[in-house]
Amino acid sequence: MELAAAKMIGAGLACFALAGAGIGIGLVFGSYLQGALRNPGAAASQTANMFLGFALCEATGLFGLVVAFMILFM
Amino acid sequence: MAMNPMEQFEVKPLFQHPLLNIAGHDIYFTNQALFMCVVVAAISLFLTLTVSKNRLVPTRGQSMAELSYEFVANMIHSTMGEDGLAFFPFIFTLFMFVLFSNFFGLVPWTFTVTSQIAITFALASIVILTMVITGFMKHGLRFLTLFVPKAPWYLLLLLVPIEVISFLTRPVSLSVRLFANMLAGHTLLAVFASFVILLGAAGGVLSVLSIAPLLLIVAIFALEMLVAFLQAYVFAILTCIYLNEALHLHDHQ
Numbered sequence: 000m001e002l003a004a005a006k007m008i009g010a011g012l013a014c015f016a017l018a019g020a021g022i023g024i025g026l027v028f029g030s031y032l033q034g035a036l037r038n039p040g041a042a043a044s045q046t047a048n049m050f051l052g053f054a055l056c057e058a059t060g061l062f063g064l065v066v067a068f069m070i071l072f073m
Numbered sequence: 000m001a002m003n004p005m006e007q008f009e010v011k012p013l014f015q016h017p018l019l020n021i022a023g024h025d026i027y028f029t030n031q032a033l034f035m036c037v038v039v040a041a042i043s044l045f046l047t048l049t050v051s052k053n054r055l056v057p058t059r060g061q062s063m064a065e066l067s068y069e070f071v072a073n074m075i076h077s078t079m080g081e082d083g084l085a086f087f088p089f090i091f092t093l094f095m096f097v098l099f100s101n102f103f104g105l106v107p108w109t110f111t112v113t114s115q116i117a118i119t120f121a122l123a124s125i126v127i128l129t130m131v132i133t134g135f136m137k138h139g140l141r142f143l144t145l146f147v148p149k150a151p152w153y154l155l156l157l158l159v160p161i162e163v164i165s166f167l168t169r170p171v172s173l174s175v176r177l178f179a180n181m182l183a184g185h186t187l188l189a190v191f192a193s194f195v196i197l198l199g200a201a202g203g204v205l206s207v208l209s210i211a212p213l214l215l216i217v218a219i220f221a222l223e224m225l226v227a228f229l230q231a232y233v234f235a236i237l238t239c240i241y242l243n244e245a246l247h248l249h250d251h252q
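For the record, the sequence lines run as chains A and B.
If you're matching positions, the first sequence starts at 0 in numbering that gives the first Met the number 0 and goes up one per residue.
If you're matching positions, the second sequence starts at 0 in numbering that gives the first Met the number 0 and goes up one per residue.
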């Protein structure tokens, strides 16, 4: 029973990765908006880079999810 | 929890009897194999039917096919330059396969091919192997300078191991990103669907409240459609970036 409880706690702790992903995604979109509002002419050319940054950030949070699943189910 | 949200990712054989037997392992025709066939058939049908009768003023289908072609061609052109277009068939195939499997997975009662790490890791290993082979074919042993950035020697002691590690994690991050995005999105949908059912079955005021998670499912589904496209795009553009490094090493085109 103790092992099962420890697994649950560990999986919950793995969700701390979400904090980093949240900060990262906020920075990506925030910085994009800052840049886009200062220079709207260049904004359209940078949306691809913004989505790339968003995806890279989001992935780090999802790695935490994978760790949580590995703890729970393996 | 009433239902298991992970049940949808279960790989099940469709027929009782294995198709083949290779070295003692039974090879079954699974739901995963079926949906890979469906995806490939859908892409082939879409591209052949829409482009078979070419018109100067494109029909709706033809402009969709042309749009996807131009989208990938522009992506390759902007990241790899002119000589990257040799990789167009490879990257277009990857992009269309990932895009169609992501979108097919969003249809209820289907199986998401890209939510299996086996599939995404196979795709990512093909990408990395292509990169390594291209690099060695084009540059020979000079390809190894990829791991040596321009820096003073005392920094290189630190930077070279970091570059090697970052290279080695590429196939892992490329595959886990796609797989985890699909897995997380579909699990989220299943969890919220079970909220709807549990609240609806509770009776009284609670069953009226079940409209809230139902509306959230609609919103999450819209987000998932964005993610489905975005992950295909990211997979393709990262492939372009990696192949660009193999083609041009560190020098800027």
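Even for Gly, the Cβ is constructed at its ideal location relative to N, Cα and C.
Rounded to whole angstroms, the gap between the alpha carbons of A:Ala35 and A:Ser44 is 10 angstroms.
With a cutoff of 8 angstroms on beta-carbon distance, B:Glu162 and B:Pro151 are scored as not near each other. For B:Asn20, the secondary structure class from DSSP, reduced to helix, strand or coil, is strand. Scanning chain A for C-beta atoms nearer than 9 angstroms to the C-beta of B:Gln61 yields nothing, as the closest lies near 25 angstroms away.
Taking the C-beta atoms as reference points, B:Pro212 is found nearer than 8 angstroms to B:Phe191. B:Pro107 and B:Leu13 have their C-alpha atoms roughly 18 angstroms apart. When the beta-carbon positions are compared, B:Phe34 and B:Phe103 come within less than 8 angstroms of each other.
The DSSP assignment places no complete beta strand (DSSP E) segment of no fewer than 3 residues inside the segment 86 to 156 of chain B. Contact annotation: B:Phe220 and B:Leu188 have beta-carbon atoms nearer than 8 angstroms. In the DSSP assignment, B:Gln230 falls within the unbroken alpha helix (DSSP H) covering Ile210 to His247. At least one beta carbon of chain B lies nearer than 8 angstroms to the beta carbon of A:Val65.
In this structure, DSSP gives A:Thr46 a helical state, which the three-state scheme calls helix. Here B:Phe194 has Pro212 as same chain residues with Cβ atoms under 6 angstroms from its own Cβ, once five neighbours each way along the sequence are excluded. Between B:Gln115 and B:Gln31, the beta carbon gap of about 6 angstroms places them in contact (Cβ cut-off 8 angstroms).
DSSP places B:Tyr27 outside any alpha helix (DSSP H), giving it a letter other than H or E.
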